[in-house]
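Novice:
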Amino acid sequence: DAGVIQSPRHEVTEMGQEVTLRCKPISGHNSLFWYRQTMMRGLELLIYFNNNVPIDDSGMPEDRFSAKMPNASFSTLKIQPSEPRDSAVYFCASLSGVRKQYNEQFFGPGTRLTVL
Amino acid sequence: QQQVKQSPQSLIVQKGGISIINCAYENTAFDYFPWYQQFPGKGPALLIAIRPDVSEKKEGRFTISFNKSAKQFSLHIMDSQPGDSATYFCAASGNRDDKIIFGKGTRLHILP
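Residue numbers (the numbering used here), protein chains in the order written: chain A, 698 to 813; chain B, 8 to 119.
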């Protein structure tokens, strides 16, 4: 398996522009997580889905952020309009639906977003 | 109550030494405590994990020590190597929740 796939790997945009980040989870995994990582705030959970349904979006910073999971193999995180304070590395992670003693989230390589 | 507090923020250890990272939590409903390792430019990856029914879990040079009464747990890296240089996150979750609460991370640098 190729693991969790994220695109693009790097994104540079100007303030006010719309940004869309994409994620393909590991096949067969039924939970998907979006995180944001910054030096100041560490690794923050933005939202997570279970069986394509949003379960907890309490970490989404504001209405400018939205996430969708139209099917089991694809999710997007959209920022509209983007602001310089949104600059961060955004990670997607997936989790198998098979319950084991240790539930391991598998992270993608991340998207480094820079908003000028 | 959802916080996991991690220290130190950064750590420098000589090759061959012992690296120790500490974490504390408040929520007594937490029942799963993983540690994730992150190399520069990569996503975090599960390193080792423990449930509170045991006080220690060892995998190779990596050991988790767990103190349920104090609500603290720590990662010990024995015989630390330059290849261990990375950022380490402690985390916690509970009530069969898939959501994991991460600590702020510790940047570990092992001197050659």
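All C-beta atoms, glycine included, are put in the ideal place defined by N, C-alpha and C.
Applying a beta-carbon distance threshold of less than 9 Å, which residues of chain A neighbour residue 28 of chain B?
Specialist: As a first step, residue 28 of chain B must be located in the second sequence, where it is residue number 21. Going along chain A, no residue has its Cβ under 9 Å from residue 28 of chain B, so there is no contact; the nearest lies around 14 Å.
Novice: Using 8 Å as the threshold, is the C-beta distance between residue 25 of chain B and residue 87 of chain B below it?
Specialist: Counting from one through the second sequence, the residue named residue 25 of chain B turns up at place 18. Counting from one through the second sequence, the residue named residue 87 of chain B turns up at place 80. Yes, Cβ-Cβ distance for residue 25 of chain B and residue 87 of chain B is below 8 Å.
Novice: Looking at chain B, which residues of the stretch 749-783 of chain A have a Cβ within less than 7 Å of any of its Cβ atoms?
Specialist: Here the close residues are 753.
Novice: Strictly under 8 Å for the Cβ-Cβ distance: is residue 82 of chain B near chain A by that measure?
Specialist: Against the second sequence, residue 82 of chain B aligns to sequence position 75. Closer than 8 Å: no.
Novice: Is any beta-carbon of chain A found at less than 8 Å from that of residue 109 of chain B?
Specialist: Indexing the second sequence from 1 puts residue 109 of chain B at position 102. Yes - at least one Cβ of chain A is within 8 Å of the one on residue 109 of chain B.
Novice: If you check the beta carbons only, do residue 717 of chain A and residue 812 of chain A fall under 8 Å apart?
Specialist: Locating residue 717 of chain A in the first sequence gives position 20, where the first residue counts as 1. Locating residue 812 of chain A in the first sequence gives position 115, where the first residue counts as 1. No. Outside cutoff.
Novice: Taking 6 Å as the limit between beta carbons, can you name the residues of its chain near residue 783 of chain A, skipping five residues before and five after?
Specialist: Along the first sequence, read from residue 1 onward, the residue named residue 783 of chain A stands at position 86. Within the same chain, residue 783 of chain A has close Cβ partners 776, 812.
Novice: Where does residue 707 of chain A land, buried or exposed, given buried means 16+ other C-beta within 10 angstroms?
Specialist: Numbered from 1 along the first sequence, position 10 holds the residue referred to as residue 707 of chain A. So residue 707 of chain A counts as exposed.
Novice: In chain order, what residues of the same chain lie with their CB nearer than 6 Å to the CB of residue 794 of chain A, ignoring the 5 residues before and after it?
Specialist: Residue mapping note: residue 794 of chain A aligns to position 97 of the first sequence, counting from 1. Answer for residue 794 of chain A: 727, listed in chain order.
Novice: For residue 744 of chain A, count the other beta carbons within 10 Å of its own beta carbon; 16 or more makes it buried, fewer makes it exposed. Which is it?
Specialist: Here residue 744 of chain A is taken as the residue at index 47 of the first sequence, counted from 1. Label assigned to residue 744 of chain A: buried.
Novice: Enumerate in chain order the residues of its own chain whose CB-to-CB distance from residue 751 of chain A is below 8 Å, with the five nearest sequence positions on each side excluded.
Specialist: For the purposes of this step, residue 751 of chain A is taken as the residue at position 54 of the first sequence. Excluding positions up to five away in sequence, the list reads 744, 745, 764, 766.
Novice: By Cβ distance below 7 Å, which residues in the same chain neighbour residue 68 of chain B in space, the five residues on each side in sequence not counted?
Specialist: Translated into positions along the second sequence, residue 68 of chain B becomes position 61. The answer, listed in chain order, is 84, 85, 86.
Novice: Hey, how far is the Cα of residue 23 of chain B from the Cα of residue 70 of chain B?
Specialist: Against the second sequence, residue 23 of chain B aligns to sequence position 16. Against the second sequence, residue 70 of chain B aligns to sequence position 63. Distance between the alpha carbons of residue 23 of chain B and residue 70 of chain B is about 15 Å.
Novice: Would a check of beta-carbon distances place residue 787 of chain A closer than 8 Å to chain B?
Specialist: In the first sequence, counting from the first residue as 1, residue 787 of chain A sits at position 90. No, because no Cβ of chain B sits closer than 8 Å to the Cβ of residue 787 of chain A.
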